[in-house]
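Enquirer: UniProt numbering applies: residue 1 is where the sequence shown begins, and numbers increase by one. The beta carbon of each residue, even a glycine, is placed where N, CA and C say it ideally should be.
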Amino acid sequence: MEGESIKLSSQPPVQAGDDEKNQRTITVNSAHMGKAFKVMNELRSKQLLCDVMIVAEDVEIEAHRVVLAACSPYFCAMFTGDMSESKAKKIEIKDVDGRTLNKLIDYIYTAEIEVTEENVQVFEAVISWINYEKETRLEHMAKLMEHVRLPLLPRDYLVQTVEEEALIKNNNTCKDFLIEAMKYHLLPLDQRLLIKNPRTKPRTPVSLPKVMIVVGGQAPKAIRSVECYDFEEDRWDQIAELPSRRCRAGVVFMAGHVYAVGGFNGSLRVRTVDVYDGVKDQWTSIASMQERRSTLGAAVLNDLLYAVGGFDGSTGLASVEAYSYKTNEWFFVAPMNTRRSSVGVGVVEGKLYAVGGYDGASRQCLSTVEQYNPATNEWTYVADMSTRRSGAGVGVLSGQLYATGGHDGPLVRKSVEVYDPGTNTWKQVADMNMCRRNAGVCAVNGLLYVVGGDDGSCNLASVEYYNPVTDKWTLLPTNMSTGRSYAGVAVIHKPL
Numbered sequence: 001m002e003g004e005s006i007k008l009s010s011q012p013p014v015q016a017g018d019d020e021k022n023q024r025t026i027t028v029n030s031a032h033m034g035k036a037f038k039v040m041n042e043l044r045s046k047q048l049l050c051d052v053m054i055v056a057e058d059v060e061i062e063a064h065r066v067v068l069a070a071c072s073p074y075f076c077a078m079f080t081g082d083m084s085e086s087k088a089k090k091i092e093i094k095d096v097d098g099r100t101l102n103k104l105i106d107y108i109y110t111a112e113i114e115v116t117e118e119n120v121q122v123f124e125a126v127i128s129w130i131n132y133e134k135e136t137r138l139e140h141m142a143k144l145m146e147h148v149r150l151p152l153l154p155r156d157y158l159v160q161t162v163e164e165e166a167l168i169k170n171n172n173t174c175k176d177f178l179i180e181a182m183k184y185h186l187l188p189l190d191q192r193l194l195i196k197n198p199r200t201k202p203r204t205p206v207s208l209p210k211v212m213i214v215v216g217g218q219a220p221k222a223i224r225s226v227e228c229y230d231f232e233e234d235r236w237d238q239i240a241e242l243p244s245r246r247c248r249a250g251v252v253f254m255a256g257h258v259y260a261v262g263g264f265n266g267s268l269r270v271r272t273v274d275v276y277d278g279v280k281d282q283w284t285s286i287a288s289m290q291e292r293r294s295t296l297g298a299a300v301l302n303d304l305l306y307a308v309g310g311f312d313g314s315t316g317l318a319s320v321e322a323y324s325y326k327t328n329e330w331f332f333v334a335p336m337n338t339r340r341s342s343v344g345v346g347v348v349e350g351k352l353y354a355v356g357g358y359d360g361a362s363r364q365c366l367s368t369v370e371q372y373n374p375a376t377n378e379w380t381y382v383a384d385m386s387t388r389r390s391g392a393g394v395g396v397l398s399g400q401l402y403a404t405g406g407h408d409g410p411l412v413r414k415s416v417e418v419y420d421p422g423t424n425t426w427k428q429v430a431d432m433n434m435c436r437r438n439a440g441v442c443a444v445n446g447l448l449y450v451v452g453g454d455d456g457s458c459n460l461a462s463v464e465y466y467n468p469v470t471d472k473w474t475l476l477p478t479n480m481s482t483g484r485s486y487a488g489v490a491v492i493h494k495p496l
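(1) From L158 to L178, what distance separates their C-alpha atoms?
(2) Are the Cβ atoms of I492 and G278 separated by less than 8 Å?
(3) Please report the residue range of the beta strand (DSSP E) in which I213 lies.
(4) Taking all protein chains shown into account, do 16 or more other C-beta atoms lie within 10 angstroms of the C-beta of V469, making it buried, or fewer, making it exposed?
(5) Is the Cβ-Cβ distance between G356 and G344 less than 8 Å?
(6) Would you give the residue range spanned by the beta strand (DSSP E) that N467 belongs to?
(7) Out of N424, S319, G422, G393, which one is the CA nearest neighbour of E378?
(8) For T62, I'd like the list of residues in its chain whose CB is within less than 7 Å of its CB, leaving aside the five on either flank, ordered along the chain.
(9) Let me know if V369 comes out buried or exposed under the rule of 16 or more other beta-carbons within 10 Å of its beta-carbon.
(10) Is the separation between the beta-carbon of G217 and that of R484 shorter than 8 Å?
(11) Does DSSP put T161 in a helix, a strand or coil?
(12) Going by beta-carbon coordinates alone, are A487 and V214 separated by less than 8 Å?
(13) Could you pull out every residue in the same chain whose Cβ sits closer than 6 Å to the Cβ of G266, ignoring the five residues on either side in sequence?
(14) Could you have a look at S485 and say whether DSSP puts it in helix, strand or coil?
(15) Measuring CB to CB, does L305 end up less than 8 Å from R340?
(16) How big is the Cα-Cα spacing for V394 and W283?
(17) Alpha carbon to alpha carbon, how far is M434 from L397?
(18) So what's L101 in DSSP terms, helix, strand or just coil?
(19) Apart from the five residues on each side of it in sequence, which residues of its chain come closer than 6 Å, Cβ to Cβ, to A56?
(20) So Y449 and V429 are supposed to be a Cβ contact under 8 Å. How far apart are they, rounded?
(21) Is the distance from the Cβ of T474 to the Cβ of Y465 below 8 Å?
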């Protein structure tokens with residue numbers, strides 16, 4: 001295997017005191033685990049070497065016991081204990097919907113999952129397991145809940161589901177865990193970071209290294225170039241170009257692929273959408289949006305890609321449409337209350353936020369912010385930012401919404417503010433090193449990256465990242481090959 005030397009020998013083992021030259025050297029291949037899990041997932045997809053079928057509702061999932069047990073204490077207890085399931089070839093999981101179970105098992109094999117109100121089943125798996133044989137399993141309740149990350153679940157879910165669960169109400173230790181989670185949500189971000197226990201630490205599963213994809217942009221005209229940054233090697237590489245020139249697009253990662261949505265091709269605002277497959281290093285086209293949109297916001301919520309606002313070539317847009325990759329179709333949802341081009345968007349706790357932008361009517365940049373609730377299909381205003389920002393870079397880190405840079409008329413900003421949904425307030429954090437508008441933003445490993453953009457006079461090739469623990473911005477040592485503004489950014493697992 002790459003990076004590893006394995007030699008078989010018939011010689012006796014080296015004894016203590018043998019010459020130093022006979023001592024072994026052990027090398028560790030950091031990608032080995034990721035590759036192994038990828039192969040195991042491929043075997044699962046082909047139903048090879050599978051030895052158990054997990055069933056929920058009408059969904060049947062072939063899997064490998066050893067993989068499930070290695071990654072899940074729930075399955076480990078099931079397969080290694082004295083329960084009947086330990087030897088059963090087909091196991092039914094009660095009170096868990098099939099789609100959610102599928103996502104959870106996908107997560108075990110790939111370390112990728114979208115956590116929303118609908119699939120916070122780490123908690124619900126415990127409740128279902130206890131209820132299945134309540135008399136014998138109830139004694140394990142507190143010990144199991146000790147390892148459930150209640151503070152990291154959405155606040156609404158804690159109140160509506162966890163607090164109402166009888167098993168929680170009737171166990172003092174579990175009630176303490178719920179109180180801890182409620183207190184966590186009431187604290188501002190800087191104080192949350194000081195709470196360190198297993199329940200407040202996000203999971204860090206063994207997974208493939210990540211890379212950052214920077215798509216298109218203006219340099220100074222619309223370009224096809226796509227660059228890829230390897231975080232481990234601090235290196236930029238060119239990858240497959242876009243099928244056509246594209247800047248001012250919305251770019252997101254969804255269901256294993258990177259989507260480039262709408263934008264400007266140098267002469268027209270477009271409705272087209274291109275999708276990048278990192279394994280094949282190629283772009284393909286899918287269904288176009290209903291409206292032409294450039295300088296739109298794009299984000300993923302509940303397995304749907306939302307295209308928010310933008311500019312169609314003559315007017316700013318309040319309309320919003322959503323795309324389902326399962327049906328390859330776009331459909332309109334409720335429009336925003338305000339027309340917004342050059343808008344930034346982000347998803348926090350199951351809600352979609354539209355931040356700032358330019359409305360075209362008042363001819364002013366906006367400080368207002370709207371929140372979309374997919375359950376009610378409604379937009380409502382939340383607290384304004386402290387300053388007007390059009391072309392702000394918007395990203396989400398640790399359940400907080402960041403608005404970086406942007407401009408108000410000719411003034412390009414380096415200031416940054418962060419929104420806490422729990423308190424409906426914005427607060428200032430450290431300024432970036434450089435003034436930036438129309439930059440790309442992504443969050444990786446607890447850091448917020450702001451990519452390129454322009455400072456009002458020239459396009460930027462630099463990238464900087466924010467560490468919320470130290471409240472400091474740091475420039476990456478290596479710049480992109482091309483200064484670019486209006487580029488889109490997404491993060492994917494590094495293709496093998």
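Expert: Considering the structure as presented:
(1) Looking up residue 158 in the sequence shown gives position 158. Looking up residue 178 in the sequence shown gives position 178. Approximately 8 Å, taken between the alpha carbons.
(2) As a first step, residue 492 must be located in the sequence shown, where it is residue number 492. As a first step, residue 278 must be located in the sequence shown, where it is residue number 278. In this structure, G278 lies closer than 8 Å to I492 by Cβ.
(3) Indexing the sequence shown from 1 puts residue 213 at position 213. Run containing I213: 210-215, per the beta strand (DSSP E) assignment.
(4) Working through the sequence shown from its first residue, we reach residue 469 at position 469. Classification for V469: exposed.
(5) Here residue 356 corresponds to residue number 356 of the sequence shown, with the count starting at 1. Here residue 344 corresponds to residue number 344 of the sequence shown, with the count starting at 1. It is a contact, given that the beta carbons lie within the stated cut-off.
(6) Numbered from 1 along the sequence shown, position 467 holds the residue referred to as residue 467. In this chain, the beta strand (DSSP E) harbouring N467 covers 463-467.
(7) Position 378 of the sequence shown holds residue 378. When only C-alpha atoms are compared, the closest one is S319.
(8) Your numbering for residue 62 matches position 62 in the sequence shown. A small fix is needed here, since residue 62 is Glu in this sequence, not Thr. Correct list, in chain order: R44, Q47, C50, M53.
(9) Taking the sequence shown and counting its residues from 1, one reaches residue 369 at position 369. Buried: at least 16 other Cβ atoms inside 10 Å.
(10) The residue labelled residue 217 in the question sits at position 217 within the sequence shown. The residue labelled residue 484 in the question sits at position 484 within the sequence shown. A contact, by the Cβ cut-off of 8 Å.
(11) Counted from its first residue, the sequence shown places residue 161 at position 161. Helix at T161.
(12) To locate residue 487, count along the sequence shown from 1; it is residue 487. To locate residue 214, count along the sequence shown from 1; it is residue 214. Yes, these two residues count as a Cβ contact at 8 Å.
(13) As a working note, residue 266 is residue 266 in the sequence shown. Taken in chain order, the residues that qualify are K221, A222, R245.
(14) Within the sequence shown, the letter at position 485 stands for residue 485. It is a strand residue.
(15) Within the sequence shown, numbered from 1, the residue matching residue 305 stands at position 305. Within the sequence shown, numbered from 1, the residue matching residue 340 stands at position 340. No, the pair does not count as a contact, with Cβ atoms beyond the cut-off.
(16) On the sequence shown, residue 394 is found 394 positions in, with the first residue counted as 1. On the sequence shown, residue 283 is found 283 positions in, with the first residue counted as 1. Roughly 25 Å between the two C-alpha positions.
(17) For the purposes of this step, residue 434 is taken as residue 434 along the sequence shown, with counting starting at 1. For the purposes of this step, residue 397 is taken as residue 397 along the sequence shown, with counting starting at 1. So the alpha carbons of these two residues sit roughly 20 Å apart.
(18) Here residue 101 corresponds to residue number 101 of the sequence shown, with the count starting at 1. Helix, per DSSP.
(19) As a working note, residue 56 is residue 56 in the sequence shown. The answer, listed in chain order, is I93, V96, G98, L101.
(20) Here residue 449 refers to the residue found at position 449 of the sequence shown. Here residue 429 refers to the residue found at position 429 of the sequence shown. About 15 Å; that fails the 8 Å criterion.
(21) Locating residue 474 in the sequence shown gives position 474, counting from the first residue. Locating residue 465 in the sequence shown gives position 465, counting from the first residue. In this structure, Y465 lies closer than 8 Å to T474 by Cβ.
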